[in-house]
Amino acid sequence: MIVPFSQLHQDAARTLIKLSLAEDLQQTGDLTCQALIEETDQAEIQIVARQAGILAGSPITTLIFEELDSQVVCEHHLADGAALEPGSVISTCSGPLASLLTGERTVLNFLTHLCGVASQTAQYVEAVKGTNACILDTRKTLPGWRVLEKYAVAAGGGTNHRMGLYDGILIKDNHLAAWATRNSHPTIAAAVKQARESVKGEKSVEVEVDTLEQLTDALEGAPEIVLLDNMSTDTLREAIQMRDAQSPATLLEASGGINLNTVRAVAETGVERISVGALTHSVISLDIGFDWKRRT
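Now the structure itself:
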């Protein structure tokens, strides 16, 4: 799935790029290149996939070399969201050899991680193909990386959940427990209604439940979404029936311990949404190479 690399993504990448280069170079710079590489040495490198997967983060290569050395020129051969096979050439970069080598690890750190996120997402999306369910990410992201990791999820065909606490309401068990201490007759439906009034209908309201009894209560408030936490497939099917009878417009989202072996069965229950923290918190980097040759 091709997604635009917007200004939001560029800004997030530039912040991380500055941190990455600073921790690698400090005040001294690349001692190995200073010892072995001449300033006049020029080279061309190719960024090449070593295994199959989904591309995400290719434009970041250009941003890294813009920060490191504006003499380096990058040409991108594939768009983010493209399928990769072993040997797929992602980009070609040319310019001063020392700058290319200095930027190598930073480039690969971004690409291997983001391609890993996109590739794992694509596996989940493929696993639920033909069902009514979409695959969503969570806020279980590396600090500072959320914008880019969610971008990679979208490149893999997934759907982004709320970006943070600021752009959507998700009432969880601890919220409800704290809120209940200030109410003589607390119900989940009442909490949903209060939350909706606080945002004046401008943001969606989602509430988490653990049992079918809680679901009945929540549906009285007609939330936009109910998150069904750690429920069996049989319980999920019951939840669908209850939703259809009480609040047909409410979307149901399954979450909790879902993996590639179980996601298909969850999707076949009829839930519209499946959120998977593993899309970002348990990712194996995709193997990508940085192949260079000297230019004369």
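Per my numbering: the sequence shown = residues -7 to 288. For glycine and all other residues, C-beta sits at the position ideal for the given N, C-alpha and C.
For W284, the secondary structure class from DSSP, reduced to helix, strand or coil, is strand. Per the coordinates, the alpha-carbon of D202 lies some 30 Å from the alpha-carbon of I276. G148 is a Cβ neighbour of A114, given a cutoff of 8 Å. CA-CA distance, S50 to A183, rounds to 44 Å. Non-local beta-carbon contacts of T94 in its own chain, meaning distances under 7 Å to residues more than five positions away in sequence, involve D22, C25, L60 in chain order. In the pairwise beta carbon analysis, the segment 129 to 142 is classified as not touching the segment 167 to 182: fewer than three pairs are separated by under 8 Å. The beta carbons of L204 and T179 sit no closer together than 8 Å.
If you ignore the 5 residues before and after T104, its C-beta comes within less than 8 Å of the C-beta of S277, L278, D279, I280, all in its own chain and listed in chain order. Cβ neighbours of Q186 within its own chain (closer than 6 Å, five residues either side excluded): none. Leaving aside the five residues that flank L252 on each side, the residues in its chain whose CB is nearer than 7 Å to its CB run, in chain order, Q115, Y116, A119. Judged by beta-carbon spacing, A146 lies beyond the 8 Å limit of V268, meaning their Cβ atoms are not closer than that value. Of the residues N166, L134, M155, G213, the one whose Cα lies closest to the Cα of R188 is G213. DSSP, read as helix, strand or coil, puts D202 in coil. Within the DSSP bridge table, the entry for Q38 names T84, D283 as partners. The C-alpha of A231 is placed about 9 Å away from the C-alpha of T208. Bridge partners of A169 according to DSSP: none are assigned. Between R235 and L211 the beta-carbon gap is near 6 Å, inside 8 Å, which marks them as a contact. Annotated three-state conformation of V191 is helix, per DSSP. For A257, the uninterrupted alpha helix (DSSP H) segment begins and ends at 255 to 259. For the pair N152 and L47, the Cα-to-Cα distance works out to about 17 Å. Closest in alpha carbon position to V81, among I56, A44, S274, is A44. Excluding residues up to 5 positions away in sequence, D221, N222 lie with their Cβ nearer than 7 Å to the Cβ of G248 in the same chain. Of the candidates A257, A246, S111, the residue whose Cα lies closest to the Cα of I266 is A246. A straight-line Cα-Cα distance of about 23 Å links A241 and A257. Nearest Cα to E264 within the set L168, D16, N124: N124. Taking a cut-off of 8 Å for Cβ pairs, the segment 58 to 77 and the segment -4 to 13 touch, as three or more such pairs fall below it.
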